[in-house]
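Numbering (my numbering), first residue to last: 26 to 164.
Where is the CB? At the ideal position from N, CA and C, for every residue including glycine.
Everything on this sheet refers to the single structure shown next.
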């Protein structure tokens, strides 16, 4: 929650996987990243975020335009796509520029691998059933 110029807690980031790799999307800041590994997507997300903060501070002198939440339709779809998450957190102590953000750190809501597999199986069955495939299975 945003109050008095700061957020209560961490920047929340939803992290999902599929056959092509990992995708991370910020909730309170509309920023995302893609990579082939979980650690890679976190590193790229943080590097990109640090670059954004630097650019906003250099060109505008503030972070007002950066501190815009991801549209609800986007994060709602991402949140519901994950189903089951493991949470890991990091602080901003390694990236000094990120301390300019009104967050304590980053909480990554990582989709669990088995949840991703079940989700993709369900999606495949849903797509088959929408196509009228006779080999539908109940999940």
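Which term fits residue i, buried or exposed, when burial requires 16 or more other beta carbons within 10 angstroms of its beta carbon?
{"i": "residue 112", "result": "exposed"}
{"i": "residue 98", "result": "exposed"}
{"i": "residue 53", "result": "buried"}
{"i": "residue 43", "result": "exposed"}
{"i": "residue 95", "result": "buried"}
{"i": "residue 64", "result": "exposed"}
{"i": "residue 102", "result": "exposed"}
{"i": "residue 135", "result": "buried"}
DSSP three-state call for residue i: helix, strand or coil?
{"i": "residue 146", "result": "Only weak support is given to the placement of residue 146: the predicted model assigns it a pLDDT of 43, under 50, and the value that follows is read from those uncertain coordinates. Of the three classes helix, strand and coil, the one that applies to residue 146 here is helix, per DSSP."}
List the whole-angstrom C-beta distance separating residue i from residue j, where the pair is believed to meet the contact cut-off of C-beta under 8 Å.
{"i": "residue 56", "j": "residue 77", "result": "6 Å"}
{"i": "residue 38", "j": "residue 132", "result": "7 Å"}
{"i": "residue 75", "j": "residue 120", "result": "5 Å"}
Tell me which residues share the same chain as residue i and place their Cβ nearer than 7 Å to its Cβ, disregarding the 5 neighbours each side in the sequence.
{"i": "residue 58", "result": "49, 66, 69, 70 and 73"}
{"i": "residue 79", "result": "122"}
Which same chain residues, not among the five before or five after residue i, have their C-beta less than 6 Å away from its C-beta?
{"i": "residue 88", "result": "81"}
Tell me which same chain residues have a C-beta within less than 8 Å of the C-beta of residue i, skipping the five on either side of it?
{"i": "residue 93", "result": "54 and 55"}
{"i": "residue 90", "result": "81"}
Which runs of the beta strand (DSSP E) at least 3 residues long sit entirely within the region 60-143? Give them in chain order. 110-116 and 130-136
Enumerate, from N- to C-terminal direction, the unbroken beta strand (DSSP E) stretches of 3 or more residues contained entirely within the region 34-62. 36-43, 46-51 and 57-60
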